[in-house]
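One structure is given below, encoded as structure tokens.
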Amino acid sequence: MEEFLLHHCVTSDVTKSANNDDQGSMWQTSSRAECVLVQENRQAHGASRVILSSMLQLTLQSFKTTNVLLLTLESPQVADDVEASAKFSHVDYSADAAHFQSSSSKSQLLTKMMLDIERVEAKIALNGATSARPMVVVLDSLNALLQQTSLQQVLLFLRRLRSHAVVGSVIARLNAGAESLKVAQALAAQATALNGRSSESIEYFQVLGSSIKFVAPMDADHDTTAVDPTPKRKTNITTEVMKGAKQSEFKRKTQSDSKPSLLALQNQPESLGQAPLPVRQEEVSFNLSISDAEQRAKSQVQLPYMHQGGVSSGSNATNPGSISGNIATSASNNSLFFIDEDDPDWDDDDLDDDLDI
521 MEEFLLHHCV TSDVTKSANN DDQGSMWQTS SRAECVLVQE NRQAHGASRV ILSSMLQLTL
581 QSFKTTNVLL LTLESPQVAD DVEASAKFSH VDYSADAAHF QSSSSKSQLL TKMMLDIERV
641 EAKIALNGAT SARPMVVVLD SLNALLQQTS LQQVLLFLRR LRSHAVVGSV IARLNAGAES
701 LKVAQALAAQ ATALNGRSSE SIEYFQVLGS SIKFVAPMDA DHDTTAVDPT PKRKTNITTE
761 VMKGAKQSEF KRKTQSDSKP SLLALQNQPE SLGQAPLPVR QEEVSFNLSI SDAEQRAKSQ
821 VQLPYMHQGG VSSGSNATNP GSISGNIATS ASNNSLFFID EDDPDWDDDD LDDDLDI
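The numbering used here applies: residue 521 is where the sequence shown begins, and numbers increase by one.
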């Protein structure tokens with residue numbers, strides 16, 4: 521991901537010159553800027569905001585970038601960890617409620633944002649940029665735009681932004697869990713790189729290699745951290761993939777922490793004759809086992825049925841042929857016989873007595 525941000529998020533990796541056509545990269549010849557979508561799925565607990573802040577810091581380190589414009593619609597705190605730099609500009613719209621009260625079909629917020637972007641582009645043109653596309657635009661929330669206008673307007677806004685001559689990259693954040701699947705897929709289709717965050721991906725860490733650029737999940741069944749550079753037309757983007765490794769919480773514990781406590785030994789299901797647990801105790805945050813007192817209380821509860829396979833509960837366990845209270849038996853093996861005491865038609869006499877012979 522670092523390689524992608526430092527070298528590919530600005531479409532030109534050479535200086536702007538009329539005599540370097542033979543040495544120009546494929547990014548410079550692209551008609552549209554690169555687009556990175558930071559997507560957060562359900563139960564990721566805002567991890568995409570941290571990723572977006574890290575992307576800002578990495579982009580500012582690129583020598584080809586002369587201006588990074590951050591537009592915050594939801595979380596101005598994204599810029600708190602970014603170091604002060606002459607390259608960095610921040611415009612916050614979240615504090616002005618007038619931007620989020622448009623009743624027209626075309627939101628005035630998009631118009632205001634485009635004017636601010638063009639104002640920064642004009643300053644770049646006056647200063648004389650040395651790179652072909654030296655500007656990076658960062659949006660902290662596409663969800664806020666979708667609340668003000670339609671999906672078509674948001675897609676048109678992104679396409680117009682990517683067609684600007686000085687914009688080298690557009691980085692946007694989307695909370696996919698708050699939108700429908702079709703909306704998330706439509707926005708992801710506009711991206712040349714997708715960074716997905718989910719509850720499973722937070723448990724994975726990246727194993728870096730000298731010849732590896734992107735990180736993919738080790739297990740295809742898990743929705744893990746993945747930077748997926750999708751090949752687009754006329755760009756010839758190559759994809760390099762490596763596997764991630766899951767960091768086990770078991771192995772991170774110290775030897776003293778890994779020793780079982782006395783309470784844990786007392787609550788082992790094997791010592792109480794309980795059935796095997798469906799999951800390991802370490803995988804959940806609550807206690808799956810029950811204490812000895814709870815087990816004894818459980819065994820003394822009378823149930824409205826009794827197994828006929830040799831296991832029963834209550835005071836009638838020693839006399840499986842008796843009927844007392846709400847417990848009865850059946851002649852068939854491993855069967856359940858239920859007596860509804862509230863049934864007025866119930867008669868404990870022999871049912872054959874009611875037959876007329």
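Where a beta carbon is used, it is the ideal one built from N, C-alpha and C, also for glycine. Since the model is a prediction, treat every value here as computed from it, not as a measurement.
Asked: Alpha-carbon to alpha-carbon, Leu678 and Thr574; Found: What sits at residue 574 in the sequence shown is Ser, not Thr. C-alpha separation (whole angstroms): 22 Å.
Asked: Distance CB(Ser614)-CB(Leu635) smaller than 7 Å; Found: no
Asked: Where Val821 falls, given that 16 or more other Cβ within 10 Å makes a residue buried; Found: exposed
Asked: Exposed unless 16 or more other CB atoms sit within 10 angstroms - verdict on Ala709; Found: exposed
Asked: First through last residue of the alpha helix (DSSP H) which encompasses Val703; Found: 701-708
Asked: Spatial neighbours of Ala696 in its chain, beta-carbon cut-off 6 Å, leaving aside the 5 residues before and after; Found: Gln559, Asn561, Ala704
Asked: Phe608, buried or exposed, once every other Cβ within 10 Å from all chains shown has been counted against 16; Found: buried
Asked: Start-to-end residues for the beta strand (DSSP E) that takes in Asn561; Found: Element bounds for Asn561: n/a, residue is neither H nor E.
Asked: Sequence ranges, beta strand (DSSP E) only - wholly within the region 571-637, length at least 3; Found: 587-592, 608-612
Asked: Rounded distance between the beta-carbons of Ile644 and Leu681, thought under 8 Å; Found: Contact doesn't hold; Cβ gap of about 14 Å is too wide.
Asked: Beta-carbon spacing of Val611, Leu630 below 7 Å; Found: no
Asked: Beta-bridge partners of Ile644, as assigned by DSSP; Found: Answer by DSSP bridge pairing: none, since Ile644 is not bridged.
Asked: Spatial distance of Gln577 from Arg693 (CA atoms); Found: 15 Å
Asked: DSSP-derived helix/strand/coil call for Val690; Found: strand
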